[in-house]
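Residue 82 is where the sequence shown starts when you use the numbering used here, and the numbers rise one by one after that.
Where a beta carbon is used, it is the ideal one built from N, C-alpha and C, also for glycine.
Okay, so here's the structure we're looking at.
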Amino acid sequence: MAISIRLLKDNEYSEMLKLMCRVFPNSNIKIDHGDRIIIADMYGQIVGFVHYAYYGDKAVIKGFGVEGNVRGIGIGTGLIESVIKKFVSVGKPVYLKVKDTNPANNIYARFGFVLARHNEAKGVYLLVRRANN
Ligand SMILES: CC(C)(COP(=O)(O)OP(=O)(O)OC[C@H]1O[C@@H](n2cnc3c(N)ncnc32)[C@H](O)[C@@H]1OP(=O)(O)O)[C@@H](O)C(=O)NCCC(=O)NCCS
Numbered sequence: 082m083a084i085s086i087r088l089l090k091d092n093e094y095s096e097m098l099k100l101m102c103r104v105f106p107n108s109n110i111k112i113d114h115g116d117r118i119i120i121a122d123m124y125g126q127i128v129g130f131v132h133y134a135y136y137g138d139k140a141v142i143k144g145f146g147v148e149g150n151v152r153g154i155g156i157g158t159g160l161i162e163s164v165i166k167k168f169v170s171v172g173k174p175v176y177l178k179v180k181d182t183n184p185a186n187n188i189y190a191r192f193g194f195v196l197a198r199h200n201e202a203k204g205v206y207l208l209v210r211r212a213n214n
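As C-alpha cells, this is what we get:
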C-alpha cells in the first residue's frame, strides 16, 4: 500500500485539521506556533497525524490519530516510530497523556513508554519515553 510518513506541508494544514476534528470530535484542537506535525499520506490523502512540540529539554506528543476506516493496519505504529526517531536524534524524553483504557496504550508500551503518573480520578496516564531507552 502506498503510505508515506512525512512532515505536513503548509498547503495541507486545513485538510489535516479536518482529519483531527474527525478523530477527536469532542476536543478543542489547538495548534500553537512552533508545533510540529508528521502525517501519513495514503494515495495522496492525509489519513494520520502525530502532533508534537518541544518545550526546553523535553518533547510532548499533543495529538495522535488515524482515520477510522484505516485503523489496525500499522499506520499509527509507523507514525510513532517516525516521531520517536526524531526524539532519539535530539536526545530528549517525550511525554504524553492518554486515557488509561485507550488501546493506543499497546503502541506506547511497545515503543518503550512507561508510566510517569496515573490520575485515577480522571482515568488518565502521563507516560514518558526516556531519551536513553
Ligand atoms: C490509536 C490510533 C492512532 C492507532 O492507529 P492505528 O493505525 O490503528 O495503529 P496500528 O494499526 O499501528 O495498531 C496499533 C495498535 O492500535 C490498536 N488498534 C488496532 N486496530 C484498532 C482499531 N480499529 N481501533 C482502535 N485501536 C486499534 C491495537 O491495540 C494495536 O495494538 P496491537 O498491535 O498491539 O494490537 C488509532 O486507533 C486512533 O486514531 N484512535 C483514536 C484516537 C486516539 O485514541 N488517539 C490516541 C490518543 S493518546
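In chain order, which beta strand (DSSP E) runs of at least 3 residues are fully inside the stretch 108–156? 117–123, 126–136 and 139–147
Looking at the unbroken beta strand (DSSP E) that takes in Asn200, where does it start and where does it end? Val195 to Asn200
Count the C-beta pairs between the stretch 145–161 and the stretch 121–134 that are closer than 8 angstroms, then say yes if the count reaches three, no if not. yes
I'd like to confirm something about Ala215: is its beta-carbon nearer than 8 angstroms to some heavy atom of ligand 1, or not? What is shown of the chain runs 82 to 214, which leaves residue 215 out entirely.
Apply the 10 Å Cβ neighbour rule to Tyr124 and answer buried if 16 or more other Cβ atoms are within range, or exposed otherwise. exposed
Which term fits Gly193, buried or exposed, when burial requires 16 or more other beta carbons within 10 angstroms of its beta carbon? exposed
Suppose contacts are defined by Cβ-Cβ distances below 9 angstroms. Is Val141 in contact with Tyr176 by that definition? yes
Whose CA, out of Met101, Thr158 and Asn109, lies closest to the CA of Ser85? Thr158
Please report the straight-line C-alpha distance between Lys178 and Asn109, rounded to a whole angstrom. 15 angstroms
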